[in-house]
Amino acid sequence: MSAQVKPTPTATMIYLFPRVISLLALPLLPCVVVASGSEQPPYRPLVSPLAKDRNTSLYTISIKKSAPLVVDLAGSLVWSTCPSTHGTVPCHSGTSRAANQQRRPRCRYVDAGGFGANREPGGGCACAGRPFNPVTGECSVGDLTGMAMSANATDGRNTLHPVEFTTAGSCAPDRLLRSLPAGATGVAGFSRRPLSLPSQLSSQREFGNKFALCLPDFALFGNSSVNLGLQFLPDLTSVIPHTPLVRNPRNGAHYLPVKSISVLWDQAVEVSLPAGALDLDASTGRGGVVLSTVTPYMAMRPDVYRSFLQAYDAAVRGKSYVVERVAAVAPFELCYNAGALRPQKRFGRDVPTISLELAGSPRPWTVPNANYMVFVDGWVACVGVVEMGRGAAPPVEDEPAVVLGGMQLENRLLVFDLDKGVLGFSDLIWYMETSCSDFNFTRAS
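Sequence positions in the sequence shown follow mature numbering (1 follows the signal peptide of the UniProt record, and there is no 0) and run -35 to -1, 1 to 410.
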């Protein structure tokens, strides 16, 4: 049970009055700190457990008090269904101005009947948020309000005392929950935008605009070490390579500076692409390689996809032994006889590795078998890469060249340092004899 919470006098706060949320101090962000009574600046980082929904392959974060929220790495807002009565954010506030910048130009708007409904009386002019469902591509309009959240402080290895806080989020109608996991009441955006969950926490707690994901098990907010498993293992943030993050001026998603893609097995086969095919066009926002937690599999623009299939099949045909190709299983095109794939001493079958060469990084981003191979009924192994436009909606409105989906992000530590504009990324952390599930949520120190 959470400890009793008292606001500290030094914290910048939003006070939730019955009629309206009064925004103080900062021009853009709501700074809401309602922490345990013993907390004083500098504030500790926060950690929250994640879970993967088997039916949707989406990830939820247990941070909102009433129900979990879906993690959207490219999302710009926090949104949820709202209680029967709720406060509002003044329409001329800095937070309202930030919310008004989070509009998707092309979006299917659904039931906005909840906008203005069930407000506390006498609130006056109130700000509207525009929540977006990244699975269905639908939007709506709802009141911007304060949402009660809770997480635990952490030392990077264990959970510590509980912390309660409030973030600005948009109300949404029940209809916008379609295709989300059962029990989820909304979405938590994790983009660079000022009203995303990490950005709001960074402003509130002043612990740096930095967060880490270790899917499917936990999210960590703030500048912290990450220690998993046995005591003698090093802080993982100190040993992983880094790559610059590419900024798209048209959205807040996180992009990688990928120069080329290769398929590695007995030989390396580079995906044949024109120069600049993977680059982000800053003038249009199109192209680039984007990270997504709402796309289950790697997705590629049709021109990139066709060249990738050719390179992958060439790598398989160049193997020293025959690997039989079998009938495709939708939505995948390349499938093989799993029985022909030789077992590895560790981590599954011997299959090609997909390698992404990164500009400004000493190491490539490698995608081993566990991060892309999909086994169907135990006897068919399919390459878990799909073509955009065939039921694979991109996670951002501006068409990327490649999407690295949830399967490619799992079981590796990703550290987003948005102050420095870099991403720390590990290989499969199983290689380090540990796992994302080794974070200690069972004992508070």
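Positions of the beta carbon are idealized from the N, C-alpha and C atoms, including for glycine.
Over what stretch of residues does the alpha helix (DSSP H) that includes residue i continue unbroken?
i: residue 280; result: 267 to 282
i: residue 372; result: 371 to 374
i: residue 162; result: 162 to 170
Would you kindly work out how many angstroms separate the C-alpha atoms of residue i and residue j, rounded to a whole number?
i: residue 313; j: residue 404; result: 24 Å
i: residue 245; j: residue 220; result: 9 Å
i: residue 139; j: residue 162; result: 21 Å
i: residue 258; j: residue 23; result: 7 Å
i: residue 210; j: residue 166; result: 20 Å
i: residue 326; j: residue 222; result: 9 Å
i: residue 202; j: residue 387; result: 12 Å
i: residue 317; j: residue 236; result: 13 Å
i: residue 144; j: residue 76; result: 16 Å
i: residue 116; j: residue 129; result: 7 Å
i: residue 367; j: residue 361; result: 11 Å
i: residue 127; j: residue 12; result: 10 Å
i: residue -10; j: residue 168; result: Reliability of the predicted coordinates at residue -10 is poor, the pLDDT of 34 falling under 50, and the value obtained from them is presented with this limitation in mind. Approximately 9 Å between the Cα atoms of the pair.
i: residue 262; j: residue 400; result: 21 Å
i: residue 394; j: residue 184; result: 15 Å
i: residue 196; j: residue 212; result: 37 Å
i: residue 101; j: residue 72; result: 10 Å
i: residue 275; j: residue 268; result: 11 Å
i: residue 28; j: residue 47; result: 15 Å
i: residue 397; j: residue 198; result: 8 Å
i: residue 233; j: residue 319; result: 10 Å
i: residue 224; j: residue 271; result: 18 Å
i: residue 281; j: residue 238; result: 19 Å
i: residue 377; j: residue 369; result: 13 Å
Where does the unbroken beta strand (DSSP E) through residue i begin, and where does it stop?
i: residue 127; result: 123 to 136
i: residue 14; result: 11 to 17
i: residue 209; result: 207 to 209
i: residue 45; result: 43 to 45
i: residue 248; result: Careful: residue 248 lies outside any beta strand (DSSP E) and carries neither H nor E.
i: residue 114; result: 107 to 119
i: residue 387; result: 387 to 390
i: residue 338; result: 338 to 341
i: residue 347; result: 345 to 348
i: residue 37; result: 34 to 37
i: residue 153; result: 151 to 154
i: residue 28; result: Unbroken run through residue 28: none, as it is neither H nor E.
i: residue 395; result: No beta strand (DSSP E) contains residue 395, which DSSP labels as neither H nor E.
i: residue 330; result: 330 to 332
i: residue 223; result: 223 to 229
i: residue 382; result: 379 to 382
i: residue 186; result: 183 to 186
i: residue 254; result: 254 to 256
i: residue 234; result: 233 to 235
i: residue 300; result: 300 to 302
i: residue 297; result: No beta strand (DSSP E) contains residue 297, which DSSP labels as neither H nor E.
i: residue 323; result: 318 to 323
Who are the Cβ neighbours of residue i in its own chain at under 8 Å, not counting the five residues just before and after it?
i: residue 304; result: 344
i: residue 364; result: 251, 252, 266, 353
i: residue 328; result: 206
Near residue i, what residues of its chain come up, given a Cβ to Cβ distance below 6 Å and the 5 sequence neighbours on each side ignored?
i: residue 135; result: 42, 44, 94, 96, 107, 109
i: residue 18; result: 146
i: residue 290; result: 301
i: residue 189; result: 10, 121
i: residue 132; result: 43, 112, 114, 165
i: residue 37; result: 99, 152, 154, 259
If I'm right that residue i touches residue j with Cβ under 8 Å, what's the distance once you round it to whole angstroms?
i: residue 170; j: residue 164; result: Actually they are not in contact, since the Cβ atoms of residue 170 and residue 164 sit about 11 Å apart, beyond 8 Å.
i: residue 92; j: residue 69; result: Wrong, their Cβ atoms sit about 17 Å apart, outside the cutoff.
i: residue 299; j: residue 277; result: 6 Å
i: residue 375; j: residue 256; result: That pair is no contact at about 12 Å.
i: residue 25; j: residue 34; result: 6 Å
i: residue 292; j: residue 148; result: So it is not a contact: roughly 37 Å between Cβ atoms.
Is any heavy atom of the ligand NAD found at a distance shorter than 8 Å from the C-beta of residue i?
i: residue 309; result: The model depicted lacks the ligand NAD and carries no ligand whatsoever.
Can the beta-carbon of residue i be found less than 9 Å from the beta-carbon of residue j?
i: residue 379; j: residue 178; result: yes
i: residue 187; j: residue 9; result: yes
i: residue 218; j: residue 39; result: yes
i: residue 372; j: residue 334; result: no
i: residue 330; j: residue 150; result: no
i: residue 250; j: residue 308; result: no
i: residue 124; j: residue 406; result: yes
i: residue 332; j: residue 321; result: yes
i: residue 182; j: residue 191; result: no
i: residue 60; j: residue 160; result: yes
Using a beta-carbon distance below 9 Å, is residue i in contact with chain C?
i: residue 143; result: Within the model displayed, chain C is absent; a lone protein chain is all it includes.
Can you list, in chain order, the residues of its chain with a C-beta nearer than 7 Å to that of residue i? Leave out the 5 residues immediately preceding and following it.
i: residue 273; result: 226, 236, 265, 350
i: residue 141; result: 75, 96, 98, 103, 105
i: residue 284; result: 230, 231
i: residue 347; result: 294, 297, 299, 300, 339, 341
i: residue 383; result: 157, 174, 175
i: residue 402; result: 182
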